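First to last, the protein sequences are chains E and X.
Under numbering that gives the first Met the number 0, the residue at position 97 of the first sequence is numbered 96, and the numbers go up by one with no gaps.
Under numbering that gives the first Met the number 0, the residue at position 103 of the second sequence is numbered 102, and the numbers go up by one with no gaps.
Beta carbons: idealized from backbone N, C-alpha and C, even for Gly.
For clarity, every value in this text was computed on a predicted model and none was experimentally measured.
Quick notes on the structure that follows.
Number of protein chains: 2
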Amino acid sequence: MPRGRWGSGIGFGGAACPRRISRFLEPCLLLLLREDATHGYNLLESLRQFGFAPGTVDASVVYRVLREMEEAGWVSSQWDTAGSGPPRRVYRVTADGEEYLAVWIADLRSTRDEIDRFIETYTRQEAAQGSAKPGQKAGEGDHVSGG
Amino acid sequence: MPRGRWGSGIGFGGAACPRRISRFLEPCLLLLLREDATHGYNLLESLRQFGFAPGTVDASVVYRVLREMEEAGWVSSQWDTAGSGPPRRVYRVTADGEEYLAVWIADLRSTRDEIDRFIETYTRQEAAQGSAKPGQKAGEGDHVSGG
DNA sequence: GTCCCTATTGACATTTTACACATATAGTGC
DNA sequence: GCACTATATGTGTAAAATGTCAATAGGGAC
Chain E
0 MPRGRWGSGI GFGGAACPRR ISRFLEPCLL LLLREDATHG YNLLESLRQF GFAPGTVDAS
60 VVYRVLREME EAGWVSSQWD TAGSGPPRRV YRVTADGEEY LAVWIADLRS TRDEIDRFIE
120 TYTRQEAAQG SAKPGQKAGE GDHVSGG
Chain X
0 MPRGRWGSGI GFGGAACPRR ISRFLEPCLL LLLREDATHG YNLLESLRQF GFAPGTVDAS
60 VVYRVLREME EAGWVSSQWD TAGSGPPRRV YRVTADGEEY LAVWIADLRS TRDEIDRFIE
120 TYTRQEAAQG SAKPGQKAGE GDHVSGG
């Protein structure tokens with residue numbers, strides 16, 4: 000998508016841009032953690048299944064979101080010092096987190112419906128312009144005086 | 000939706016929060032302008048049809064987006080001094096703006112599909128937890144040693 | 001003139017996001 | 001012990017996006 004941090008024009012190659020949904024990392028992490036309690040570094044790779052390209056998500060972002068969610072009470076963590084290497088902070092979803100995720104789901108549903116309505120409006124407009132006023136851009140020849 | 004500027008907890012009343020899609024105002028304004036070239040103040044009310052509640056969008060935000068889009072070349076404007084009251088800046092969509100909107104549509108389509116996949120994953124998880132491991136939260140009884 | 005409605009613009013604060021950097025542990029080779 | 005690498009977590013900061021508020025200005029009603 001052009002503008003903002005995702006480029007600067009039409010000439011883009013494909014769906015290369017990151018997420019369009021704000022704070023989408025939160026529900027993704029919750030869903031992953033709900034399936035399996037694990038630590039941040041491990042979650043990093045699992046995020047691919049939600050469309051995050053391999054190098055897209057910075058680790059620090061994931062860690063920050065996890066800590067924020069713990070502070071909010073959606074997840075809880077415990078240090079895991081059993082395996083080799085540095086200790087891991089293993090997160091799991093709390094009951095509040097479950098509720099929070101459910102709210103997210105509801106929100107995403109309505110967002111999706113909203114998108115659908117928008118696309119439908121666009122499609123309807125296309126059809127109308129294709130038949131009723133071909134070649135015209137809408138609002139042509141108005142009463143504009145100043146320039 | 001909890002967190003951020005839209006509250007701070009589960010106990011919300013309905014879909015009171017604004018958009019979840021970043022920069023959504025842009026395509027909305029483009030779509031409205033494509034149907035009818037008009038000025039910012041007039042667009043303010045028309046935005047309701049895209050789910051923006053009456054008092055949700057500040058006028059200055061709309062004006063800013065319009066000016067940004069003009070700078071980018073997606074819309075062009077002309078002063079209309081014909082009617083009574085202060086002069087209006089009438090915007091219309093350019094050819095580049097048409098292309099830009101088409102890109103937006105494509106992006107929104109993929110975003111919607113992404114949401115659908117996410118919701119589906121959630122639903123599948125629900126079903127699996129309901130049948131396979133009832134009452135368990137996933138990852139219970141792991142090899143966590145440290146506290 | 002003053003108040004209100006229309007219409008636009010600018011300035012500032014907050015929130016979100018991206019990116020760079022710093023820390024700590026364990027294993028390997030020397 | 002020391003350098004080096006991989007794993008794992010954390011902080012700081014700048015940029016971008018968004019929200020809020022104030023200011024300006026024309027015209028009509030009173």
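{"query": "Reference Val60 (chain X), options X:Gly82, X:Asp106 and X:Gly39, closest by Cα", "result": "X:Gly39"}
{"query": "Cβ distance (whole Å) where Arg19 (chain E) is taken to contact Ser21 (chain X) below 8 Å", "result": "6 Å"}
{"query": "Where Thr37 (chain X) sits in the DSSP three-state scheme", "result": "strand"}
{"query": "Beta carbon proximity, Asp115 (chain X) to chain E, threshold 8 Å", "result": "yes"}
{"query": "Cβ neighbours of Pro53 (chain X) in the same chain (closer than 7 Å, five flanking residues each side left out)", "result": "Arg47"}
{"query": "Cβ neighbours of Gly129 (chain E) in the same chain (closer than 8 Å, five flanking residues each side left out)", "result": "none"}
{"query": "Beta carbon of Ile118 (chain E) nearer than 8 Å to that of Arg108 (chain X)", "result": "yes"}
{"query": "Contact with chain X by Ser21 (chain E), beta-carbon distance below 8 Å", "result": "yes"}
{"query": "Chain-ordered chain E contacts of Asp57 (chain X) [CB-CB under 8 Å]", "result": "Simply none; closest approach about 18 Å."}
{"query": "First through last residue of the beta strand (DSSP E) which encompasses Arg148 (chain X)", "result": "Here chain X covers residues 0 to 146 and nothing more, so residue 148 (chain X) does not appear."}
{"query": "Beta strand (DSSP E) runs contained entirely in the stretch 39–103 of chain X, provided each spans 3 or more residues", "result": "74–79 and 87–92"}
{"query": "CB contact flag (Leu29 (chain X), Gly96 (chain X), <8 Å)", "result": "yes"}
{"query": "Cβ of Ser83 (chain X) within 8 Å of any chain E Cβ", "result": "no"}
{"query": "Spatial distance of Gln77 (chain X) from Glu69 (chain X) (CA atoms)", "result": "11 Å"}
{"query": "Proximal residues of chain E, C-beta to C-beta of Gly50 (chain X) below 7 Å", "result": "Glu113"}
{"query": "Contact with chain X by Arg147 (chain E), beta-carbon distance below 8 Å", "result": "Limits of chain E in this structure are 0 at one end and 146 at the other, which puts residue 147 (chain E) out of reach."}
{"query": "Beta-carbon neighbours of Arg108 (chain X), restricted to chain E and to distances below 7 Å", "result": "Ile118"}
{"query": "Same chain only: Cβ atoms within 8 Å of Ala58 (chain X), ignoring 5 sequence neighbours per side", "result": "Gly39, Tyr40 and Leu43"}
{"query": "Contacting residues, own chain, Cβ-Cβ under 6 Å from Thr80 (chain E) (five flanking each side not counted)", "result": "Pro86"}
{"query": "Inter-residue spacing [alpha-carbon to alpha-carbon] between Thr55 (chain X) and Thr37 (chain E)", "result": "39 Å"}
{"query": "DSSP beta-bridge partners of Ile20 (chain X)", "result": "E:Ile20"}
{"query": "Top-ranked residue by Cα proximity to Tyr121 (chain E), from X:Phe23, X:Ile114 and X:Ala101", "result": "X:Ala101"}
{"query": "Interface partners of Leu46 (chain E) on chain X, CB under 7 Å", "result": "Within 7 Å Cβ-Cβ: nothing; Leu46 (chain E) doesn't reach chain X, min ~12 Å."}
{"query": "Spatial neighbours of Leu24 (chain E) in its chain, beta-carbon cut-off 6 Å, leaving aside the 5 residues before and after", "result": "Val64"}
{"query": "Euclidean distance between Cα positions of Asp35 (chain X) and Asp115 (chain E)", "result": "22 Å"}
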